[in-house]
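Residue numbers (the numbering used here), protein chains in the order written: chain W, 1 to 84; chain B, 85 to 326. We treat Cβ as the ideally placed atom computed from N, Cα and C, and that holds for glycine. Written out below as structure tokens is the structure these notes cover.
Structure (structure tokens):
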């Protein structure tokens, strides 16, 4: 016997899984940033520390959108806002 | 455990290890509030920092020409933070080195306190949001102080139609700053507690240390750096003459 609450919980779990698909975008973005940083270090090894800090800053900003997806997943799984 | 809800993440009576737990209920203005694990861990972090700072202050009463021991550590920390602020703010660094250094140390110790078995205080949105709001106030104060009427004019840039877009751009700053820190630390905490509940008891020594290094030390240090760096970048952006 599946009650309404069970259905909501199951759909919340599916929704949480769908929400973390948002992680694809930051993954690609961070990879591009790291690749370009590696190329920049290859061209100009002297500026390695500057390039590294710039890369980390850019990657952290790019990560934000993925984190929003992760937070939605956490909300759906643990706070269960849809349950009456 | 009763139903507990703190700012940001409401918490049910689940027995998952990473949840914020309510410890002592109290009443304030007719509302029921809780002393939670976040309060306890941030208190421990603060007491640790205060003891460290008092020790350094006592030690620096009679500084040595050739530093060693505690004086050496304190000088390295201050030197590193000053260089970080100077590196990204240039000539504006002087006024902000104190604030940025303080929040850097606080956030860093809070983030890596997960290694010592505390629930990191920054994994509670009630802690990171005030940090974001403080950054926002500093950014806007310097904006208005430095640009005067230019601050209002910048909102209407390039045409007055863009006012809502620019307003959202300003207001998104504290939200994204605080959510970034919160999300990173919370995901590390959740991941660690899932790993601990996954593996059998006799495997809990040794192997999780590797994950602790990544999730607590590495991610914590990176996010601390990013929070301070972004605050400095935003402030510097407002202070620069076009």
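Closer than 7 Å to chain B by CB, residue i
| i | result |
| --- | --- |
| residue 70 of chain W | yes |
Cutoff 7 Å: residue i Cβ touching any chain W Cβ
| i | result |
| --- | --- |
| residue 194 of chain B | no |
| residue 316 of chain B | no |
| residue 169 of chain B | no |
| residue 271 of chain B | yes |
Residue i - DSSP class collapsed to helix/strand/coil
| i | result |
| --- | --- |
| residue 109 of chain B | strand |
| residue 117 of chain B | strand |
| residue 95 of chain W | It is not possible to answer for residue 95 of chain W, since the shown part of chain W is limited to 1 through 84. |
| residue 243 of chain B | coil |
| residue 291 of chain B | helix |
| residue 20 of chain W | helix |
| residue 153 of chain B | coil |
| residue 102 of chain B | coil |
| residue 49 of chain W | helix |
| residue 262 of chain B | helix |
| residue 9 of chain W | helix |
| residue 85 of chain B | Residue placement at residue 85 of chain B is poorly supported in this model, since its pLDDT is 35, which falls under 50; the coordinates still yield a value, given next. Residue 85 of chain B: coil per DSSP, three-state reduction. |
| residue 202 of chain B | coil |
| residue 315 of chain B | helix |
| residue 1 of chain W | coil |
| residue 175 of chain B | helix |
| residue 92 of chain B | Bear in mind that a pLDDT of 39 at residue 92 of chain B, under 50, signals an unreliable position, so the number given afterwards is only what the model happens to contain. Coil, per DSSP. |
Contacts that residue i makes with chain B (C-beta to C-beta distance below 9 Å)
| i | result |
| --- | --- |
| residue 47 of chain W | Simply none; closest approach about 13 Å. |
Partner residues on chain W for residue i, Cβ-Cβ distance less than 8 Å
| i | result |
| --- | --- |
| residue 144 of chain B | None at all; the shortest Cβ gap to chain W is about 29 Å. |
Neighbouring residues, chain W, relative to residue i (Cβ below 9 Å)
| i | result |
| --- | --- |
| residue 313 of chain B | 53, 56, 57 and 60 |
| residue 267 of chain B | 63, 64, 66, 67, 68, 70, 71 and 74 |
| residue 309 of chain B | 53, 56, 57 and 60 |
Partner residues on chain B for residue i, Cβ-Cβ distance less than 8 Å
| i | result |
| --- | --- |
| residue 82 of chain W | The contacting residues do not exist; residue 82 of chain W stays about 13 Å from chain B at best. |
Contact set between residue i and chain W, taken where Cβ atoms lie within less than 7 Å
| i | result |
| --- | --- |
| residue 110 of chain B | Correct list: empty, because the minimum Cβ distance to chain W is about 23 Å. |
Neighbour flag for residue i against chain A, beta carbons, 7 Å
| i | result |
| --- | --- |
| residue 72 of chain W | The displayed structure is made up of protein chains W and B, and chain A is not among them. |
- Item | Members of the region 277 to 307 of chain B that neighbour chain W once the beta carbon cut-off is set at 8 Å | Here the close residues are 306 and 307.
- Message: Beta carbons nearer than 8 Å to chain W: which residues of the region 235 to 265 of chain B have them?
- Response: 260, 263 and 264
- Task: Quick one: which residues of the region 126 to 160 of chain B get their C-beta closer than 8 Å to a C-beta of chain W? List them in chain order.
- Result: Cβ contacts with chain W come from no residue of the region 126 to 160 of chain B.
- Is the region 111 to 130 of chain B close to the region 190 to 208 of chain B, with three or more CB pairs under 8 Å? yes
- Query: Okay, do the region 132 to 149 of chain B and the region 292 to 306 of chain B touch, 3+ Cβ pairs below 8 Å being the bar?
  - Reply: no
- Does the region 55 to 73 of chain W touch the region 25 to 37 of chain W, meaning 3 or more C-beta pairs lie closer than 8 Å? yes
- Query: Quick one: any contact between the region 68 to 82 of chain W and the region 2 to 12 of chain W, if contact means 3 or more CB pairs under 8 Å?
  - Reply: yes
- Message: Can you confirm whether the region 309 to 325 of chain B touches the region 180 to 189 of chain B when touching is taken to mean that 3 or more C-beta pairs between the two stretches lie within less than 8 Å?
- Response: yes
- Query: Would you call the region 207 to 217 of chain B and the region 254 to 273 of chain B in contact, with 3 or more CB pairs under 8 Å?
  - Reply: yes
- Query: When the Cβ atoms of the region 183 to 201 of chain B are set against those of the region 266 to 278 of chain B, are three or more pairs found closer than 8 Å?
  - Reply: yes
- Are the region 276 to 285 of chain B and the region 229 to 248 of chain B in contact at 8 Å, needing three or more beta carbon pairs? Taking 8 Å as the limit for Cβ pairs, the verdict is that the region 229 to 248 of chain B does not touch the region 276 to 285 of chain B.
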